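Heads up: the sequence shown at position 247 corresponds to 723 in this note's numbering, and the numbers run straight through without jumps.
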Amino acid sequence: METQNKPEGNARGAVIVRTSVIGIAANILLAGFKAVVGWLSGSIAIVMDAVNNLSDALSSVITIVGTKLAHRKPDRKHPLGHGRYEYIAAEVISVIVLYAGITSLVESVKKIITPETPDYSTVSLIIVGAAVLVKILLGTFVKKQGEKVNSDALVDSGKDALLDSIISASTLAAAVIFLVFHVSLEAWLGAVISLIIIKSGIDMLRETMSRILGERVDSEISKAIKETITEIPDVSGAYDLILHSYGPDRWQGSVHIEVPDYWTAEEIDRVERRIQEEVYMKHGVILTGIGIYALNTSDSEAGLARSRITETVMSEPSCLQIHGFNYNGAEKKIRFDVVIDFSADRQEVYQRICEKVRKMYPDFQVVVVMDSDISD
477 METQNKPEGN
487 ARGAVIVRTS
497 VIGIAANILL
507 AGFKAVVGWL
517 SGSIAIVMDA
527 VNNLSDALSS
537 VITIVGTKLA
547 HRKPDRKHPL
557 GHGRYEYIAA
567 EVISVIVLYA
577 GITSLVESVK
587 KIITPETPDY
597 STVSLIIVGA
607 AVLVKILLGT
617 FVKKQGEKVN
627 SDALVDSGKD
637 ALLDSIISAS
647 TLAAAVIFLV
657 FHVSLEAWLG
667 AVISLIIIKS
677 GIDMLRETMS
687 RILGERVDSE
697 ISKAIKETIT
707 EIPDVSGAYD
717 LILHSYGPDR
727 WQGSVHIEVP
737 DYWTAEEIDR
747 VERRIQEEVY
757 MKHGVILTGI
767 GIYALNTSDS
777 EAGLARSRIT
787 ETVMSEPSCL
797 QIHGFNYNGA
807 EKKIRFDVVI
817 DFSADRQEVY
827 QRICEKVRKM
837 YPDFQVVVVM
847 DSDISD
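This is the structure we're talking about:
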């Protein structure tokens with residue numbers, strides 16, 4: 477099954493581009509107004525705020541470029557598509573936010589060391605107040621659109637805009653304090669807000685990097701996929717589900733299913749194809765590989781052994797699951813997989829399980845495979 481740009485994927489890209497264009501237009505207009513007001517009033521905070529708006533416009537441009545690149549068709553060099561460009565775009569935006577925070581902090585510190593008396597006018601305060609409202613509305617809109625279409629770049633742009641509204645609000649508050657009490661706190665407020673922006677930039681950078689590295693699949697998705705698989709008659713279990721993200725909402729992976737040991741290759745093939753189709757249609761996930769665990773159905777000794785060993789293995793608090801059990805009395809071989817919690821000393825627990833089971837069945841070759849707790 478090949479990864480393709482589905483119609484809903486194209487619609488998603490159109491939403492991202494349209495939202496970004498709105499952000500670009502709004503930020504350029506705000507930057508122009510603030511630059512004029514900041515220059516006339518001598519307020520470094522307002523001027524830096526204008527620069528922030530330009531960085532927001534640049535973020536929107538990067539979001540558009542990233543979205544366009546991400547929707548390029550798969551090719552020989554990148555057969556799984558280009559969806560991860562969106563993560564790279566979000567990473568670049570995070571760096572821009574971080575840079576804007578550092579720049580703002582440097583300028584604020586300079587003004588703390590060598591303070592200047594700002595000259596606020598009623599018009600400038602009205603414009604700054606209007607800018608606060610616009611940035612709150614813009615940031616909320618962009619962030620919601622990003623969450624709606626699962627775009628990290630849009631979500632980060634929305635967060636950046638909301639942070640900018642806080643900067644503008646602090647500038648407005650500093651102006652009111654200066655006009656009423658004749659105390660200039662603008663530089664100090666600028667420094668505090670800069671630190672907030674820097675922290676936000678680091679957090680965004682960390683979140684996006686985590687997605688690029690590869691995160692654990694969402695519990696609801698993994699459980700829903702396994703439920704879809706086990707609803708198929710005679711499929712008694714779904715295990716070892718591994719999903720790889722090649723961009724937002726672009727998943728490929730593999731799974732093991734447990735089926736009766738008397739099934740023919742034709743029956744297995746038919747069920748595998750059905751699983752692939754249903755999982756793709758219901759969850760948008762492409763299963764590129766389906767492994768098979770044969771469930772012993774005719775050997776009473778196998779059932780007893782499975783019950784005893786399961787009870788022994790699951791007595792280990794850090795053992796989360798046992799599956800893939802196979803008992804071969806003729807060859808005197810027992811094989812099964814165990815899932816051990818990451819928080820435990822996994823090797824130690826694994827060795828303890830092996831020793832217990834081998835003591836229970838000294839005449840058998842016991843093969844235990846240690847699985848990782850990859851998905852719920």
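We put the beta carbon where it would ideally sit given N, CA and C, even for glycine. On a predicted model such as this, the values are computed, not experimentally measured, just so you know.
Query raised in the report: Do you know how far the Cα of Gly-499 is from the Cα of Ala-533?
Result: 7 Å
Requested in this report: Kindly list the residues whose CB is nearer than 7 Å to the CB of Leu-614, restricted to its own chain and excluding five residues on each side of it in sequence; keep chain order.
Outcome: Gly-499, Ala-502, Ala-637
Requested in this report: Kindly indicate the opening and closing residues of the beta strand (DSSP E) around Tyr-826.
Outcome: Segment 822-836 is the alpha helix (DSSP H) holding Tyr-826; no beta strand (DSSP E) there.
**Report entry** Where the alpha helix (DSSP H) through Lys-702 begins and ends
**Finding:** 695-706
**Report entry** Cα-Cα separation, Ala-663 to Ser-584
**Finding:** 5 Å
Query raised in the report: Within 10 angstroms of its Cβ, does Asp-508 collect 16 or more other Cβ (buried), or is it exposed?
Result: What sits at residue 508 in the sequence shown is Gly, not Asp. It is exposed - the Cβ of Gly-508 has fewer than 16 other Cβ atoms within 10 Å.
Query raised in the report: Thinking just about the alpha-carbon of each residue, which of Ser-791, Lys-758, Ala-781, Asn-802 is nearest to the one in Pro-736?
Result: Asn-802
Query raised in the report: In terms of residues, what are the limits of the beta strand (DSSP E) holding Ser-730?
Result: 727-736
Report task. Alpha carbon to alpha carbon, how far is Asp-632 from Trp-727? Give it in angstroms, no decimals. Result -> 22 Å
Query raised in the report: Run through DSSP, which three-state label would Ser-791 get?
Result: coil
Query raised in the report: Is it the case that the Cβ atoms of Val-513 and Ile-603 are separated by a distance below 8 Å?
Result: yes
Report task. For Gly-805, I'd like the list of residues in its chain whose CB is within less than 8 Å of its CB, leaving aside the five on either flank, ordered along the chain. Result -> Asp-775, Glu-777, Ala-778
Query raised in the report: Does the pairing of the segment 673-691 with the segment 552-563 give three or more beta-carbon distances under 8 Å?
Result: yes
Report task. Count the other CB atoms, across all protein chains shown, that sit within 10 Å of the CB of Lys-624; report buried if there are 16 or more and exposed otherwise. Result -> exposed
Requested in this report: State the Cα-Cα distance for the pair Thr-598 and His-720, rounded to the nearest angstrom.
Outcome: 56 Å
Query raised in the report: In chain order, what residues of the same chain have a beta carbon less than 7 Å from the beta carbon of Gln-621, not counting five sequence neighbours either side?
Result: Val-491, Thr-495, Leu-630
Query - For Asp-551 and Glu-748, the rounded distance between their alpha carbons - result: 27 Å
Query raised in the report: Can you name, in chain order, every residue of its own chain whose Cβ lies under 8 Å from the Cβ of Gly-723, other than the five neighbours on each side?
Result: Ala-546, Gly-557, His-558, Gly-559, Arg-560, Tyr-561, Glu-562, Tyr-563
**Report entry** Val-844 to Asp-745 span [Cα, whole Å]
**Finding:** 27 Å
Query raised in the report: Taking the alpha-carbon positions, what's the Thr-479 to Thr-706 distance?
Result: Any reading at Thr-479 must be qualified, since the residue scores a pLDDT of 45, below 50, and its modelled position is unreliable; the value itself is stated next. In a straight line, the C-alpha of Thr-479 is about 25 Å away from that of Thr-706.
**Report entry** With 16 other Cβ atoms within 10 Å as the buried cut-off, status of Thr-590
**Finding:** exposed
Query raised in the report: How is the alpha helix (DSSP H) around Arg-746 delimited, first residue to last?
Result: 741-759
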